[in-house]
Structure formats: C-alpha cells, structure tokens
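Q: Residue numbers (the working numbering): -3 to 132.
Dumping the structure here so I can ask a few things about it.
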Amino acid sequence: DDSVRKFGLADIPLTFEPQVTGPALEFEARQLPDNNGCYMAQRWRPGGVALPKPLKAGQESVPQLVHLKKMRHAIITAEASSHSMFDWATVLFMRQAGVTVDHIDLAKFGIRGNGHLMFLETNSDDIAGIVANWIE
C-alpha cells in the first residue's frame, strides 16, 4: 500500500534493533473500535498479533528505534489538525519501539480549534509557552 509509511514514522529508513530485514516492518492496519479510522501496529514476531500488549516472558520484543530512543520526544496535537485522528497511535507506535514520548493534546490545555499549522495562528504564543515548558 503506497499510502503507508514503510518505516512506520517515516518514508526513509530508520535504525531498528534488531535490524529490520525484508519488508520494512511487520505491521498490520487495525480498525478503531468506533470505526472512525485505523491505526498501524507492529506485529509480534511469533504469532502475528498486533501490539500494544505486554510481552510475555521469553517472547521476542518488537524492533526498537535505537537512535530515536536516545532522547525524549513530544507529539503536539491541535484539535482541528488532521493528525488529531491518529497522533495517539503514533505515540503508541513510538513507545512500543522504546521511544520516550509525551503526547501534548492542546485541547486539554484549553487551546481549542487550532489546525496542523498551529505556529501560524493567533494563539501561537500560548502554544509556544506549552512547548517551552515541556523543553525545560
């Protein structure tokens, strides 16, 4: 499927450990319970069951993003952004791959109605303040 990013988060190769060979990732698309979209999850190596689920003792883990997990990340979601439908799944994908990531939902901070280009909107200083607090 050409609409799916071959490396999960990007169209360019990312460094996974263990190294991913063959198809870029073992993944499956899953329908959301409310039928309002879908998300992607890495498959467990044995059994083909999609995560996120805790691994059982002795079960092989999913490939880890070894370079991205060296630092903390934030995903900032604006209420009216097209990403508001799937950013939560990106957070789960990254966490599953060993990355520390905080999901900052601007609506939970009372910042409502922004689109994806939130830095261009009139309340961009409020958003910059939230980002600055996260960085500190």
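Beta carbons: idealized from backbone N, C-alpha and C, even for Gly.
Predicted model, so just to flag it, every value in this text is computed and none were measured.
Can you tell me whether Thr118 is helix, strand or coil according to DSSP?
A: Within the sequence shown, the letter at position 122 stands for residue 118. Residue state, collapsed to three classes: coil.
Q: DSSP on Gly44, reduced to helix/strand/coil?
A: Against the sequence shown, residue 44 aligns to sequence position 48. Bear in mind that the predicted position of Gly44 carries a pLDDT of just 48, short of 50, making it too unreliable to give a figure here.
Q: Secondary structure at Phe89, three-state DSSP: helix, strand or coil?
A: Within the sequence shown, the letter at position 93 stands for residue 89. If DSSP states are grouped into helix, strand and coil, Phe89 belongs with the helices.
Q: Do the stretch 64 to 71 and the stretch 90 to 98 touch if we need at least three Cβ pairs shorter than 8 angstroms?
A: yes
Q: Out of Ala74, Gln15 and Gln92, which has the shortest C-alpha to C-alpha gap to Glu117?
A: Your numbering for residue 117 matches position 121 in the sequence shown. Distances from the CA of Glu117 to each of Ala74, Gln15 and Gln92 were compared; the closest alpha carbon is that of Ala74.
Q: Are Leu61 and Leu113 close, meaning C-beta to C-beta below 9 angstroms?
A: One-based indexing of the sequence shown puts residue 61 at position 65. One-based indexing of the sequence shown puts residue 113 at position 117. Result no, Cβ atoms of Leu61 and Leu113 do not sit closer than 9 angstroms.
Q: Using a Cβ-Cβ cutoff of less than 7 angstroms, which residues in the same chain neighbour Ser78 once the five nearest sequence positions on both sides are dropped?
A: For the purposes of this step, residue 78 is taken as the residue at position 82 of the sequence shown. Hits under 7 angstroms: His112.
Q: Please go through the same chain and pick out, in chain order, the residues whose beta-carbon is closer than 6 angstroms to the beta-carbon of Gly125, but skip the five residues on each side of it.
A: Reading the sequence shown from its first residue, position 129 is the one you call residue 125. Nothing listed; no residue qualifies.
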